[in-house]
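Let me begin by presenting the structure, written as structure tokens, before commenting on it.
Protein chains in written order, with the numbering used here: chain A, 1 to 331; chain B, 1 to 297; chain C, 1 to 383.
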């Protein structure tokens, strides 16, 4: 796309933008998250808030791949599934405590990242998209067909994060909140590191990056593996929260929803992606009372939100020109 | 063997009709139109409503009635595509490409669940059923109806290929795919051409919807989802953005599924099809007929 | 440091507005007067969205009937339905919402895979769960005190299927399923039954992808094995298509479907000609029980639609729940669960109800139906 007429006129720092740039906002947000259960702690509220927090982790993971590095991934649920199944299998079949499965999950998802990324990362944009979509489906179908993964019913009886006894939803919510907050912080740090700058370079112009001596294939692989690990760890939390996992949780729709969270919030922008994830995961629940109209309204709201804020709810701000900003979306 | 080939080709021709709209839209504005499969669904329901309205008239001459409905439905879904383009895609032109993905998914949800509100969650059954005696062709069972449907889709595809390749409009479309800004400067009404592309692509999907309704008989509000994914896959196999490639890709996908079912069983069919696709793309990264282009230089 | 869990803000803010005094420090009191709420998680969106209304209507019908007779212990019943979409995450959220709404008994559950994570939730909150539709054995393998199945298990249905195949003189049977837990469970158990020496043999066991329109490839590969009997264990939408396409492909043998396919729409989709003579493994329905025809008429009058799969089971689930509450003399979950275990001979569609120690039906009550003149009628009671 070449035509980018009038986005050069950038307004000066208004109160809102200055507030959005505020360094302490993240802490404020965490504080609100910590206080929330004192306001409302019905099982339902705790459940959807925990789900939202886990979804944030997924979105932040995908953001590394799509937002930082510009690789379009339509099968992110594959890593989510690998993480959830690895930890679920180890916890139920071999009775490991759930926390002990974390190293295994990291290894398994990193391996999955290498297997999926290896042959495909040389492909560009939409071909990469279909290949990742294919891998997502393959992982789901394998989980559905194999005996060891419990077939279509999946695995049940997965213990909680700290053993089966401490299953209080509030405790789990706090645990998830803290873990995810750390993960978000780490991802943001990673994005600003040397590696993160290389990712953005590859996103902006792969050929130029290659010419400047960036090993683009290796850099892309790093993004893929990082995203995979984040997704896999989100899977562990997911397995702990639901206590039972089945292939129905890892469909293409799930991948699409995570991608939507990233784009809706603002690709490459950590606060944006966090907000996007919360909106995408809470909106259908908030609209629940509309019954039959729920997903219709959800669809219409998605269109409206995007038209009002085409760059995302909270876009990434950097010293890019309008031109490069537009191209960065092309990936 | 010949039965497997015939089944694959027949299914593939449905995929092709849907995939064509996908590939045209992609070729011209580089948009993965996730709502495209739902236009197929919309076509099936529009046709259903029209046949219902025609009532007794239908019974007497079902094939003729179905053809009339086919044309009317193509116009209706074409207009539907226009509306979606105007409301959900045009305001975002020039914005990051992935933001269009969100509105596409939004439009898809709105179409699916809008239909669910209007027509209910239950599947509907077409009042007209194409059913006929089978003939044996080289060891494959082929019905007259299948041949008619194949002929109709082939005709539509040829017409489209001629339209894109030979007419001024088609040339304008190809030009926009290459460089929209230059087209603007050359006095081409880019908005109008893009709108027309959506119209044609959606009409094709609508046609496939009516044909599926008439042949298979059952329609439901989520029927577009799977075929949308299949169409996307087919378009990529053929080389997305390339019209003849897409047709070829759709037939290849149909055959892959047919043989995959036979060789590895229905359970593993999609693993086989996607696995083949992945291997194929690593060998030939731009699809069957896609051109080798470098992006963003 | 600004870039931390901003998400929680939005979530908390939205919820905080809608509720006060429900925090971790808030009080938790139950109300013993007023209506008794029964909860139900069913799919109202997603690929199984068509089944939800059938179940909801069936349950509503039982509730209205009970209320018309004065309710339970003088308290009216009330139905709360939430959409689970057959997605585990959504289903868990829905279950939690019902728990927050203080339902006394859960009478929902359709997709086994997504119902599984809701079981420990209901169990932990001492809410008895009477599952009308989901029937995988995994549901009861955890031996949860509060979980009951009132739909025949896959084992029972498979046994009924195999015994009918033998009785009908089948030689080579092909079994097709749709790769969901319900369908695959019945199919693999049927296949195991066929593999036993004696009786009909297994020709093929294959799966289709639900939601598609063209199954000719599956059919071609099944017909290669030359079966004279095909058993479909999935739902009516694909069942109708498969039956029709089987006939188009020149198959002339017998065809049988599982209970998820017993719906008038199956016959419509397949077409009268193709569907004629098709068998089904099914529990007794109002159509097949003498003198129960009024049930269907009432249902049609009330909802303006035909009953479908699991309408009767949902209707029964509510009645069983009411019976349990009556016997327990209140809505205390443990007492209700005990009362349910003690039920003996309560009449439901599949026959007199008595739970096994595993909380499944002691008698699945499966009978064989046949499509005759465009409607399912009783063929053999398998007694």
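Positions of the beta carbon are idealized from the N, C-alpha and C atoms, including for glycine.
Of all the options the options, which has the alpha carbon lying nearest to the alpha carbon of residue i?
i                      : options                      : result
residue 30 of chain B  : B/194, B/171, B/5 and B/150  : B/194
residue 267 of chain A : A/48, A/288, A/310 and A/291 : A/310
residue 23 of chain B  : B/271, B/268 and B/230       : B/230
residue 37 of chain B  : B/202, B/149 and B/9         : B/202
residue 55 of chain A  : A/149, A/225 and A/181       : A/181
residue 211 of chain B : B/17, B/8 and B/2            : B/17
residue 171 of chain B : B/190, B/153 and B/157       : B/190
residue 106 of chain B : A/259, A/271 and A/174       : A/259
residue 87 of chain B  : B/198, B/164, B/130 and B/49 : B/198
Hey, does residue i have any beta-carbon neighbour from chain C nearer than 8 Å?
i                      : result
residue 294 of chain A : yes
residue 123 of chain B : yes
residue 13 of chain B  : no
residue 244 of chain A : yes
residue 248 of chain A : yes
residue 48 of chain A  : yes
residue 217 of chain B : yes
residue 200 of chain B : no
residue 226 of chain B : yes
residue 51 of chain A  : yes
Using a Cβ-Cβ cut-off of 8 Å, state whether residue i counts as contacting chain B.
i                      : result
residue 42 of chain A  : no
residue 283 of chain A : no
residue 269 of chain C : yes
residue 300 of chain A : yes
residue 375 of chain C : no
residue 10 of chain C  : Since pLDDT at residue 10 of chain C reaches only 43, below the 50 mark, its modelled position is unreliable, and no value is offered.
residue 250 of chain C : yes
residue 47 of chain C  : yes
Determine the chain B residues that contact residue i at a beta-carbon separation under 8 Å, and present them in chain order.
i                      : result
residue 218 of chain C : 261 and 266
So, does the CB of residue i fall closer than 8 Å to a CB anywhere in chain A?
i                      : result
residue 350 of chain C : no
residue 184 of chain C : yes
residue 92 of chain C  : yes
residue 270 of chain B : yes
residue 99 of chain C  : yes
residue 126 of chain B : no
Which word fits residue i, buried or exposed, when buried means at least 16 other C-beta atoms lie within 10 angstroms of its C-beta?
i                      : result
residue 301 of chain C : exposed
residue 197 of chain C : exposed
residue 15 of chain B  : buried
residue 290 of chain C : exposed
residue 156 of chain C : buried
residue 316 of chain C : buried
residue 73 of chain B  : buried
residue 132 of chain A : buried
residue 94 of chain A  : exposed
residue 273 of chain C : exposed
residue 84 of chain A  : buried
residue 277 of chain C : exposed
residue 218 of chain B : buried
residue 323 of chain C : buried
residue 141 of chain B : buried
Give the interface partners of residue i over in chain A, defined as CB-CB distance under 8 Å, in chain order.
i                      : result
residue 180 of chain C : 152
For residue i, go through chain C and note every residue whose CB falls closer than 9 Å to its CB, in chain order.
i                      : result
residue 336 of chain A : Outside the displayed range of chain A (1 to 331) lies residue 336 of chain A, so it cannot be described from this structure.
Please compile the residues from chain C whose C-beta is within a distance smaller than 8 Å of the C-beta of residue i.
i                      : result
residue 129 of chain B : 271
Against residue i, what residues of chain A qualify as contacts under a CB-to-CB distance less than 7 Å, listed in chain order?
i                     : result
residue 63 of chain C : What residue 63 of chain C touches in chain A: nothing, since even the nearest Cβ is about 18 Å away.
Which bits of chain A does residue i rub up against, with CB to CB less than 9 Å?
i                      : result
residue 116 of chain B : 292, 295 and 296
residue 108 of chain B : 299
By the criterion of Cβ-Cβ separation under 7 Å, what are the contact partners of residue i in chain C?
i                      : result
residue 157 of chain A : 142
Quiz prompt | the stretch 262-269 of chain B touching the stretch 243-253 of chain B, judged by at least three CB pairs closer than 8 Å | solution = no
Quiz item: Within the chosen definition, does the stretch 82-89 of chain A reach the stretch 152-161 of chain A through at least 3 CB pairs nearer than 8 Å?
Solution: yes
Exercise. Would you check if the stretch 68-79 of chain A and the stretch 109-128 of chain C touch, i.e. whether three or more CB-CB distances between them fall below 8 Å?
Key: no
Quiz item: For the stretch 297-311 of chain A against the stretch 208-218 of chain A, are there 3 or more C-beta pairs whose distance is under 8 Å?
Solution: no
Quiz item: Are three or more beta carbon pairs between the stretch 142-151 of chain A and the stretch 94-113 of chain A nearer than 8 Å?
Solution: no
Quiz item: If we count Cβ pairs, one from each stretch, closer than 8 Å, do we get three or more for the stretch 234-247 of chain A versus the stretch 271-285 of chain A?
Solution: no
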